[in-house]
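Residue numbers (full-length UniProt numbering): 1 to 238.
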């Protein structure tokens, strides 16, 4: 072990008992019942995917997590260019100190997220959303041109770098993702998330968010909210 640590650096290999504990640290998600289902909350230093249909509450759940970051710094990579400071402030987000990035293309957004992660200055990075991380080649090309697999390759390359950096820095990465439908599927589930399958493998936690009903006012004549179900599709931290 000493030879390996001398060759590759201190801490390259270590005994688990002397590593300061094997339990994964967590922080609140903003939803008590979800924290109970996850065994304490969202894991630190891991990759998390929150996916679901449109207007199902994905961004709201992510903003609750940003608000509950336990005093740390948070970064929002707003690839959709749709950030609402007023709504975020109503959810408890410290919008004055929130770091917001609105990238011009997918490579820029992921590179900024990776650099912020490696800096060790932030505790939480949220990418909203994977579907909006448009590759540079697609932006520079003409509308209608066939660009096969560009986004999937982009996500695969980025996640290979970011997974290790997030673990070392203790920075949680939250990726919001949308649902697409496979064409010509008659049997089985036709739903699939965008951006390829790399995120499914690298994510330690995958949460499916769906709206299951409306919340109406006391008079019943006005819709004032949504009933949302969050299903834990994958968890390697609880």
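Backbone N, C-alpha and C define an ideal beta-carbon position, used for all residues, glycine too.
Would you call the CB atoms of residue i and residue j closer than 8 Å?
i	j	result
residue 209	residue 69	no
residue 35	residue 43	no
residue 100	residue 78	yes
residue 204	residue 47	yes
residue 232	residue 82	no
residue 177	residue 163	no
residue 95	residue 85	yes
residue 50	residue 212	no
residue 39	residue 167	no
residue 73	residue 121	yes
residue 147	residue 140	no
residue 192	residue 155	no
Please report how far the alpha carbon of residue i lies from the alpha carbon of residue j, in whole angstroms.
i	j	result
residue 3	residue 151	41 Å
residue 169	residue 221	49 Å
residue 109	residue 149	18 Å
residue 236	residue 202	10 Å
residue 197	residue 90	34 Å
residue 26	residue 41	5 Å
residue 215	residue 225	5 Å
residue 184	residue 223	36 Å
residue 144	residue 16	53 Å
residue 30	residue 187	37 Å
residue 181	residue 54	13 Å
residue 125	residue 33	23 Å
residue 97	residue 23	30 Å
residue 160	residue 153	11 Å
residue 116	residue 45	13 Å
residue 1	residue 112	35 Å
residue 87	residue 64	11 Å
residue 60	residue 80	15 Å
residue 9	residue 199	29 Å
Roughly how far, in whole angstroms, is the beta-carbon of residue i from the beta-carbon of residue j, given that I think they are within contact range, below 8 Å?
i	j	result
residue 128	residue 172	No, residue 128 and residue 172 are not in contact; Cβ-Cβ is about 14 Å, not under 8 Å.
residue 227	residue 206	21 Å between Cβ atoms; not a contact.
residue 165	residue 229	Contact flag wrong, Cβ pair sits at about 33 Å.
residue 158	residue 114	7 Å
residue 179	residue 52	6 Å
residue 5	residue 13	7 Å
Does chain C have any CB closer than 8 Å to the CB of residue i?
i	result
residue 60	The structure shown has no chain C; it contains just one protein chain.
| message | Count Cβ pairs between the region 124–135 and the region 95–113 that sit closer than 8 Å; are there 3 or more? | response | yes
| field | Runs of alpha helix (DSSP H) lying entirely within the UniProt domain "RecA family profile 1" (23–179), each at least 4 residues, in chain order | value | 32–37, 58–67, 85–90, 106–119, 136–140 and 150–169
| Entirely enclosed alpha helix (DSSP H) segments - the UniProt domain "RecA family profile 2" (184–238), minimum 4 residues | Qualifying alpha helix (DSSP H) stretches, in chain order: 198–202.
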